[in-house]
Every structure is written in C-alpha cells, then in structure tokens.
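K.L.:
Just passing along the structure, written as structure tokens.
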Amino acid sequence: MADERRLIIISGLSGAGKTIALNTLEDIGLYCVDNLPISLLSNLVSQIIDGKIIATPDIAVGIDARNPIDEIKKLPDIINGLKEDGNLNVELVFVEAIDDILTRRFSETRRKHPLSSKKVSLIEAIKKEREVMQDLCEYADIRIDTSHTFLHELRDIVRKRIASRPQSAMSIQFSSFGYKHGIPKDADYVFDVRCLPNPYWEKELRQFSGKDQAVIDFLAEQQQVKDMIEQIRDFLECWIPYFEAENRSYLSVAIGCTGGRHRSVYIIEKLSEYFRKLEKQVITIHRDC
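First residue of the sequence shown: 21, per the numbering used here; consecutive thereafter.
What follows is the structure in structure tokens.
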C-alpha cells in the first residue's frame, strides 16, 4: 500500500523562481531540503521511509543544474523507480521562464548564474542550462512558467497547484491570457477565442473585464460565445477522464483573446464554474487581467 506522504521535487531554470517555490512550501509547513545532490536523493527517501528523519507528511527537495550532467539525465529514471516502489507519492515540479526574462532578472539583481564564469557569459549560461534541463522539463508532472508572474503570484500558484492538491486528484488549471503578452508555456491545451465578438470595441465596456456584469451580459447574449464554451466544455469533459486514468497530477487549459481581459476571462470563469460543479479540483488564473 502506498504511503500517503508526498515527495515534491522542485527543479527548473536558475532565476525562474525555484527558491521562492521551495520557501513557499516551507512556510506552509513542509519539510524542505534545498540544493540536494541527486546522488543523495534515494538515500534521503530511504531515511524518511525508515523513520530516521522526522518529517512532515509532505517533503520537498530542491534540485538544480549544479549537479553533474549525467546525474541530471538519470533523474527521470530515479523518479520512475521511486514511483514504482510506491513508498511515497512522488511529483516533479519544473519552474521555467523565457530567456529574455531570465537575463533581465539576473541583470537587475546582479546575481551570478551558477553556470556562468569568466569564459561563459550570462546568455551562454542560460542557454546551456536550458539544454541540460530540457529532458527534465518535458518529464515534469507540473510545469510553472513564471515569465509573466510576480513574486506574490508565484507563491499563490505554488500554494494552489502543489500544496493544496488532494492525494490522487488531478488538478485542472484554467488560465486566461492575452496573445499580445505571449502564450503560456506550461499549457497542455490552448484555445484561441479571438474570433469571438470583442467587448473592447464597445466603448462603454472597454474599461471593464470579463468578470464585470456589463461584459458578462454582453458576451452571454452572443451565440458564437455560447457555442465556443459548449464545444470546449464537451471536448474537455470527454478527454479529462483519460488523463485521470493515466494518473496525471495536473492538466492546464489556457484560453486566449487579444488582451486577456474580456473574452478569455469570461470563458475561463464559465468553464471553471462548470467543472467545479462536477467536483473537479479546479484552479482559476487570469494572467493578464
């Protein structure tokens, strides 16, 4: 029988927010270990299982690119082995951001990238780290893109997407966004709703968002909007059980309009409401609103 405890492995790109994510988990009571060498991960798990380490039900460890490359490449296999053992519920969380944002963050804070040196520039270090961590990123159970995320928003995302998720329940994140600000990199499904009637062109509605009643009333009257919501809802309702059957911990659905304030916000609210009524674990995020 699997242990009810969770082992959450936090990894990702330097400057993307791994430390903030780990600190957030520690603040809410998890036993956390940062900068753990991959070679010691299995030993740590053994000590936790044997009761040699007194830990909280959920344990989080931080692992970064300072590990030897060959060990980073082996990490997915190590995690697979831990999952198959069934002693802990193991999840890998990967925190990332686009290169321009990472470069700006390091430049603003004047911090040294762990892979940079006198011979390796910041830009080269960021590129090298992304290449080294790519397989790990693709393997992750949960991916968090912080390119357009403020500090307090990242903490909130970690609390909602990681800390509060019930055991064995797949979380569904519904996110609205604006195409002019970029597509969320961590989305599993992206739906483009820019073809729908736009409240922005109604002068009296422009200042409001898709959560305001005036915009809600406008969009609720549009047959195209009704059809779009119904068809996306039916698609997800059909396929979500298959994701759950694969023991996925997380599914991200993003809806995009031009600015991310009206149409996408309204549709995300409607989808979130619908799937909550089906007793799904729903997280709602309006990135650009």
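C-beta atoms are modelled at their ideal positions from N, C-alpha and C, and glycine is treated no differently.
By the three-class DSSP mapping on this structure, what secondary structure does H306 have?
P.N.:
Residue state, collapsed to three classes: strand.
K.L.:
Under the assumption that V152 contacts I92 (Cβ atoms under 8 Å), give the Cβ distance between them as a whole number of angstroms.
P.N.:
Contact holds; Cβ gap of about 6 Å.
K.L.:
Do you know offhand how far K290's Cα is from D165's?
P.N.:
In a straight line, the C-alpha of K290 is about 24 Å away from that of D165.
K.L.:
Any idea which residues DSSP pairs S375 with across the strands?
P.N.:
For the chain, the structure presents residues 21 to 309; residue 375 sits outside this window and is missing.
K.L.:
Restricting to runs no shorter than 4 residues, where is the alpha helix (DSSP H) found entirely within the region 176-263?
P.N.:
Whole alpha helix (DSSP H) segments, 4+ residues: 233-240.
K.L.:
Looking at F126: is its Cβ nearer than 8 Å to the Cβ of S31?
P.N.:
In this structure, S31 does not lie closer than 8 Å to F126 by Cβ.
K.L.:
Work out the CA separation of D308 and F170 for me, nearest whole Å.
P.N.:
If you take the alpha carbons of F170 and D308, they lie about 11 Å apart.
K.L.:
Mark S62 as exposed unless 16 or more other C-beta atoms lie within 10 angstroms of its C-beta, in which case mark it buried.
P.N.:
Exposed, since its Cβ has fewer than 16 Cβ neighbours within 10 Å.
K.L.:
Buried or exposed: Q193, going by 16 or more other Cβ atoms within 10 Å of its Cβ?
P.N.:
With 16 or more Cβ atoms within 10 Å of its Cβ, Q193 is classed as buried.
K.L.:
If you check the beta carbons only, do V285 and S196 fall under 8 Å apart?
P.N.:
It is a contact, given that the beta carbons lie within the stated cut-off.
K.L.:
Please report the straight-line C-alpha distance between A189 and S272, rounded to a whole angstrom.
P.N.:
If I take the Cα positions, the gap works out to 14 Å.
K.L.:
Given a threshold of 16 other Cβ atoms within 10 Å of its Cβ, counted over all protein chains shown, does C52 qualify as buried or as exposed?
P.N.:
Looking at its Cβ environment, which holds 16 or more other Cβ atoms inside 10 Å, C52 is buried.
K.L.:
Got a sec? Which residues, its chain only, sit under 7 Å from L256 by beta carbon, not counting five neighbours each side?
P.N.:
Counting only Cβ-Cβ distances below 7 Å, and skipping sequence neighbours, we find V273.
K.L.:
Around the Cβ of P204, are there at least 16 other Cβ atoms within 10 angstroms (buried) or fewer (exposed)?
P.N.:
By the neighbour-count rule (16 or more Cβ atoms within 10 Å), P204 is buried.
K.L.:
Which of helix, strand or coil does DSSP assign to A80?
P.N.:
Strand.
K.L.:
Just to confirm, is the Cβ distance from A80 to S34 under 8 Å?
P.N.:
No; because the gap between Cβ atoms is not below 8 Å, this pair is not in contact.
K.L.:
If the criterion is Cβ atoms closer than 8 Å, does the pair G276 and V213 meet it?
P.N.:
A contact, by the Cβ cut-off of 8 Å.
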